[in-house]
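Q:
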Amino acid sequence: LPHENFLHCLSLRSNGSSSISNLIFTRRNSSYESVLESRLWNLRFNSTDTPKPLVIVTPTQISHIQATIYCSRKHGLQTRIRSGGHDYEGLSFVARVPFVIIDLFNFRSVDIDVENRVAWVQSGAILGEFYYRIAEKSTTLAFPGGVFHSIGVGGYISGGGFGLLFRKHGTAGDNVLDAQLIDVNGRILDRKSMGEDLFWAIRGGGGGSFGIVLAWKLRLVPVPANVTVFTVGRTLEQNATELVHRWQYIAPNLPDDVYASIQFRAMNSTQDGRKTVVADFIAFFLGTTDELLSLMEQRFPELGLTKQDCTEMSWIESILYNNGIRNQPLEILLNRTYRSPVNVPYYKIKSDYVKEPISEIGLNGLLSRLTDEVATSTVILFFAYGGIMDRISEHATPFPHRAGNLYKICYNTGWLAEDNVNSQKYLDWARTTYSYMSPFVSKYPREAYLNYRDLDIGSNNIHYTSYEQAHIWGRKYFKDNFDRLVHAKTKIDPQNFFRHEQSIPPLI
Ligand code: FDA
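If you count the sequence shown from 1, position 304 lands on 305 in mature numbering (1 follows the signal peptide of the UniProt record, and there is no 0), and the numbers rise without skipping.
Okay, structure coming up:
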């Protein structure tokens, strides 16, 4: 059995260190399932017919990772790397070939250096604990990361990483200063020894292609002691469509200090109980309520923002606010398994970039789809671009969606456990909605955001994948940067050991 040989190899390679045996889980261990499931966020990939790993290794030392890579190669097992387990297609814990998971959960130290405004963060840390550790030391420093607290630092930064501060400070990948990576030969590389091509590639070129990033040196950015947030809901009956139409012209041109998004969801109309759609206009602002009010009065008076709609809070509190877990102690950010009420357990995501404002008719067509019964647990989000994103070259990191984008759309189709037997109808809804949107969004390529992984846009074969085939999905995520990623991959992992359905292929 390949995994018996693998296990034997592992025990030999770990030099008789007894510790590794407690860090290995196979089906024979009673805790195998709980280890697998504790970082498995999309329950769509936890059914009885989902392929499961032969072995899960939860290393505590670098030598354990090196041994796992060595023995996986020797015995022909694929490796999947897991940090936080939020991959939208489950690629960190599902494979269609015999495989081993390296779960970096124990690599989660966070070192904050306030004076130099940098942090070293290991990949297995979650964003919430990173933010918590920053806030412990300073109320005026932050990291431009995502909102969702349980996302793993490893996968998040590998895929670019956008969040509340991205119009001011760029993506997470734009704020990486150095990294520690283990390559296919078990070498430990830093920025200098890996070279600028590989260092460029790991800051947005996607996890699971180049090696295992153990830790990141990150730039911390200044924030005021208090920021201001608001969420203002308007239904279709309250002219939501007109407001959204206006927002497209206004939001991308707001100052860099504003993060602006809209979240759409269905609700029962209070008037007649029929379904309507509410558009929640959301903002996060690096300044005071008064400044934000006056800005919105000048730029977007139609929204009718009032002082009562705005709340001032610290940056760290705004993370809880945007997670939908207000009035909870900050320690909840350390809880790796806590599912916030906004987290639907089964989901399929898709994304788009919008370069020209969409007509009201076009918007109405999209919003009316949310009133379908099947879309009850679904949300659609618009995230305004512009700000510094317009001023960073699209070749600065692999993340290419910079100048020229008004906003990004995220279609997050969700459903509940009791309806998972009907998952196909939700997937169909997601696909027909995406198809409805094709005239309104970016073309040639139809761009997509890598961290919103979507295998519908193309995928690799189980074994050999040509450049041409991978280019189909690769161009959507990376545009022309795909070629440089292929070049970096060919140099560091020519035999394609680190691979999955959307990993960068080497040139043969
Ligand atoms: P996971 O462990 O599943 O890894 C994802 C991929 O990276 C896999 O291919 C994996 O093999 C690889 N990988 C993981 N660790 C690695 C390492 N150390 N070295 C090399 N490869 C590694 N994104 C965003 O930009 N902004 C946002 O606001 C949000 N919000 C959000 C909310 C929710 C509810 C979800 C489920 C997801 C998001 N995301 C997001 C997307 C998220 O950033 C994306 O899924 C990340 O890949 C998750 O990182 P994890 O480490 O949790 O994933």
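For every residue, glycine included, the Cβ atom is placed at its ideal position computed from N, Cα and C.
#1: On the CB-based measure, 16 or more other CB atoms within 10 Å of its CB, does E448 come out buried or exposed?
#2: Under DSSP, the alpha helix (DSSP H) around M297 begins and ends at which residues?
#3: Tell whether a beta-carbon distance below 7 Å holds between D281 and F231.
#4: So if DSSP puts Y453 in a beta bridge, which residue, or which two residues, is it bridged to?
#5: Exposed or buried, E238, counting other C-beta atoms within 10 Å across all chains shown (16 or more means buried)?
#6: For the candidate residues D457, Y408 and T229, whose alpha-carbon lies nearest to that of N254?
#7: Excluding the 5 residues flanking T172 on each side, which residues of the same chain have their C-beta closer than 6 Å to its C-beta?
#8: Do you know offhand how far G325's Cα is from V56's?
#9: When you compare each of V98, R97, R14 and T49 to C72 by their alpha carbons, which one comes out closest?
#10: Buried or exposed for T379, going by 16 or more other Cβ atoms inside 10 Å?
#11: Any heavy atom of ligand 1 closer than 6 Å to the CB of I213?
#12: Once you ignore the five residues that flank residue 512 on each side, which residues in its own chain have a CB closer than 8 Å to its CB?
#13: Buried or exposed: where does G174 fall if 16 or more other Cβ atoms within 10 Å of its Cβ makes it buried?
#14: Does the beta carbon of V58 fall short of 6 Å from some heavy atom of ligand 1?
#15: Under 7 Å between the Cβ atoms of G85 and I152?
#16: With contact counted as at least three CB pairs below 8 Å, one residue from each stretch, are the region 134 to 142 and the region 217 to 235 in contact?
#17: Which first and last residues belong to the beta strand (DSSP E) in which R235 is found?
#18: Name, in chain order, the residues that DSSP records as bridge partners for W416.
#19: What are the residues that DSSP puts in a beta bridge with T491?
#20: Could you check whether L335 and E130 sit closer than 7 Å to each other, using their CB atoms as the reference points?
#21: If I follow the unbroken beta strand (DSSP E) through E313, where does it start and stop?
#22: Taking the CB atoms as reference points, tell me whether T229 and F167 lie closer together than 7 Å.
#23: Following a CB-centred definition, is residue 590 positioned closer than 6 Å to any heavy atom of ligand 1?
#24: K492 to R188, Cα distance in whole Å?
#25: Would you call S159 buried or exposed, if buried means 16 or more other Cβ atoms sit within 10 Å of its Cβ?
#26: In whole angstroms, what is the alpha-carbon distance linking G156 and W121?
#27: Within the region 340 to 399, note down every full beta strand (DSSP E) run reaching 3 residues or more, in order along the chain.
#28: Using 7 Å as the limit for Cβ to Cβ distance, is R28 near chain C?
#29: Checking the sheet assignment: what are the DSSP bridge partners for C411?
A: Straight from the coordinates:
#1: buried
#2: T290 to R300
#3: no
#4: Answer by DSSP bridge pairing: none, since Y453 is not bridged.
#5: exposed
#6: Y408
#7: G161, G162, F163 and F400
#8: 35 Å
#9: R14
#10: buried
#11: yes
#12: Because the chain in this structure spans residues 2 to 509, residue 512 falls outside the shown range and cannot be described.
#13: buried
#14: no
#15: yes
#16: yes
#17: V228 to T236
#18: Y347
#19: In the DSSP output, where bridge partners are listed per residue, T491 has none listed.
#20: yes
#21: C311 to M314
#22: no
#23: Coverage of the chain is limited to positions 2 through 509, which leaves residue 590 absent and any answer about it impossible.
#24: 14 Å
#25: buried
#26: 16 Å
#27: 347 to 355 and 380 to 385
#28: Protein chain content of the structure displayed is limited to a single chain, and chain C is not contained in it.
#29: S352 and L382
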